[in-house]
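Here the sequence shown stands for residues -23 to -1, 1 to 160, numbered as in mature numbering (1 follows the signal peptide of the UniProt record, and there is no 0). By construction, the Cβ of each residue, glycine as well, lies at the ideal position given by its N, Cα and C atoms.
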Amino acid sequence: MDLKLTILLAVGITIIGYTGCAGEDQPFTDYQLIGLNEHNDLRQRHNSPPLQLDPRLNELADSCAKYYTKKHILDHSCLTGLDGHGENIYVEWGNPNPDINEMVKKAVRYWYDEVQNYNYPEPGASSGNFGHFTQSVWRSSGFLGIGVAYQDDYVTVVAKYNPHGNILGDDWELFKENVLPPV
């Protein structure tokens, strides 16, 4: 009998101050396009404008995914030298042959599932984790980077957002303006 252990973790963080630009005619990987489409499908539910892939954010997300995979620790210590982007991280292990496209879909859905913890009328009264969800649908975020790395049976998916969203401690009115109830 083959036992397989899969453990899921997600962590969200926001870093302040970076502005990037989306390049035209940039080649994107299938998993980056899938991550973009998954995000935009969910954002549409909340009347948030679609994100655009940003080549520089993709590079940063890939670099951080490799860093976290090598460390096997999600401590948001991947310093990129640039500020102003939000970050969602997803980790899964126990699968030596991961389907990267499916991992990215699963990561975006996992972050979004925190919607059940979010209190739209009173964001400050929300309970449980909701930061991954709010960053994913944050109206003011316009650019996205997706990175994936795996080693043996350990997979890390990182999403970078610019401009950042959902910094806890911000005026809760910003949450009301940027995270709308589903339509």
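Does the Cβ-Cβ distance between phenylalanine 110 and tyrosine 97 come in under 8 Å?
-> Remark: C-beta atoms of phenylalanine 110 and tyrosine 97 do not approach each other more closely than 8 Å.
Rounded separation between arginine 116 and valine 68 - CA only | Spanning the two alpha carbons is a distance of roughly 25 Å.
DSSP beta-bridge partners of leucine 30 | Answer is Leu121, bridged to leucine 30.
Take glycine -1 and list the residues in its own chain whose beta-carbon comes closer than 7 Å to its own, dropping the five residues that flank it on each side.
-> Because the pLDDT at glycine -1 is just 43, under 50, the model does not fix this residue reliably, and the value given afterwards should be weighed accordingly. Hits under 7 Å: Pro32.
Where tyrosine 138 and proline 75 are concerned, what is the direct C-alpha to C-alpha distance, given to the nearest angstrom?
-> Taking the straight line joining both Cα atoms gives about 25 Å.
Alpha carbon of glutamine 128 to alpha carbon of glycine 108, nearest angstrom | Cα to Cα, glutamine 128 sits roughly 27 Å from glycine 108.
Through-space distance from valine 125 to glutamate 99, alpha-carbon basis = Approximately 34 Å between the Cα atoms of the pair.
Start and end residues, alpha helix (DSSP H) containing isoleucine 11 = Isoleucine 11 -> alpha helix (DSSP H) spans 7 to 22.
Straight-line Cα distance separating glycine 101 from glutamate 154 = Between glutamate 154 and glycine 101, the C-alpha separation is close to 14 Å.
Rounded to whole angstroms, what's the CA-CA distance from histidine 49 to valine 134? Just pull it up for me.
-> Straight-line Cα distance between these residues: approximately 12 Å.
Cβ separation of leucine 34 and histidine 62, assumed to be a contact under 8 Å, to the nearest whole Å | About 7 Å separates the beta carbon of leucine 34 from that of histidine 62, a gap short enough to meet the 8 Å contact definition.
Using a Cβ-Cβ cut-off of 6 Å (strictly less than) and excluding sequence neighbours within five positions of arginine 20, which residues of its own chain qualify?
-> The residues are Val114.
Whole angstroms is fine: what's the gap from valine 92's alpha carbon to proline 73's?
-> Straight through space, the alpha carbons of proline 73 and valine 92 are spaced by roughly 30 Å.
Cα-Cα separation, aspartate 18 to lysine 47 = Computed Cα separation, rounded: 31 Å.
Would you check if the distance between the CB atom of glycine 119 and the CB atom of leucine 28 is smaller than 8 Å?
-> Yes, the pair counts as a contact, with Cβ atoms nearer than the cut-off.
Isoleucine 44 to histidine 53, Cα distance in whole Å?
-> Sequence inspection shows tyrosine at residue 44; the isoleucine mentioned does not correspond to that position. Using only the alpha carbons, I get a separation of about 10 Å.
Which term fits glutamate 79, buried or exposed, when burial requires 16 or more other beta carbons within 10 angstroms of its beta carbon?
-> So glutamate 79 counts as exposed.
Provide the residue span of the alpha helix (DSSP H) that contains tyrosine 87, from first to last.
-> Element bounds for tyrosine 87: 77 to 89.
Would you verify that the beta carbon of glutamine 21 is, or is not, closer than 8 Å to some beta carbon of chain C?
-> Annotation note: the requested chain C is absent from the structure, which comprises a single protein chain.
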